[in-house]
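The sequence shown finishes on residue 640 if you use our numbering, and the numbering steps up by one all the way, no holes. Cβ atoms here follow ideal geometry from the backbone N, Cα and C, with glycine treated the same way. Working notes, beginning with the structure itself.
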Amino acid sequence: MTIRLPRHRFAFITIGQALRSKPRCNPLIVSPGHCVTVTADSALEWTLRHLRGYRLPEPTRLADRAGLAPRRGERAGDRRSPAVMQPS
553 MTIRLPRHRF
563 AFITIGQALR
573 SKPRCNPLIV
583 SPGHCVTVTA
593 DSALEWTLRH
603 LRGYRLPEPT
613 RLADRAGLAP
623 RRGERAGDRR
633 SPAVMQPS
């Protein structure tokens with residue numbers, strides 16, 4: 553699915569695309585961002601290149617995981633479960 557906005561009365565510009573990265577998941581909205589020299593197509597290619605079997609691209613997934621680590625009682629980047637971690 554392509555997301556388009558009217559540029560003129562009869563012309564449209566593509567601003568992003570909806571990507572269903574996995575079956576039965578909500579689609580990701582992929583857009584190049586603001587003030588960058590990336591096109592909507594190259595942003596979609598980058599996203600597809602960084603999918604590793606999860607709904608989100610790997611850099612986004614790892615950043616989300618690191619941000620949630622303190623809530624789970626882990627240190628960012630530590631892959632062990634809190635029950636296995638030794639006190640420091």
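Give the range of the alpha helix (DSSP H) segment to which residue i is assigned.
| i | result |
| --- | --- |
| G568 | Premise fails: G568 lies in the beta strand (DSSP E), 564 to 571, not in any alpha helix (DSSP H). |
| P611 | 610 to 620 |
If we count the other Cβ atoms within 10 Å of its Cβ and call it buried at 16 or more, is residue i buried or exposed?
| i | result |
| --- | --- |
| G625 | exposed |
| P579 | exposed |
| P558 | exposed |
| P634 | The pLDDT assigned to P634 is 48, lower than 50, so where the model puts this residue is not dependable; a value taken from the coordinates is nonetheless given after this. P634 comes out exposed. |
Considering only their Cβ atoms, is the gap separating residue j from residue i smaller than 9 Å?
| i | j | result |
| --- | --- | --- |
| T566 | I581 | no |
| P584 | S594 | yes |
| L571 | L614 | no |
Here's a check: name, in chain order, each residue in its chain whose Cβ is nearer than 6 Å to the Cβ of residue i, leaving out the five neighbours to either side.
| i | result |
| --- | --- |
| C577 | R607 |
| A563 | none |
Only counting the same chain, and skipping five residues up and downstream in sequence, which positions put a Cβ closer than 7 Å to that of residue i?
| i | result |
| --- | --- |
| Q569 | M553, T554, I555, V582, A592, L596 |
| P575 | none |
If you follow the beta strand (DSSP E) that residue i is in, where does it begin and where does it stop?
| i | result |
| --- | --- |
| L580 | 580 to 582 |
From this set, the options, which residue's C-alpha is nearest residue i's C-alpha?
| i | options | result |
| --- | --- | --- |
| L603 | S573, R561, H560 | S573 |
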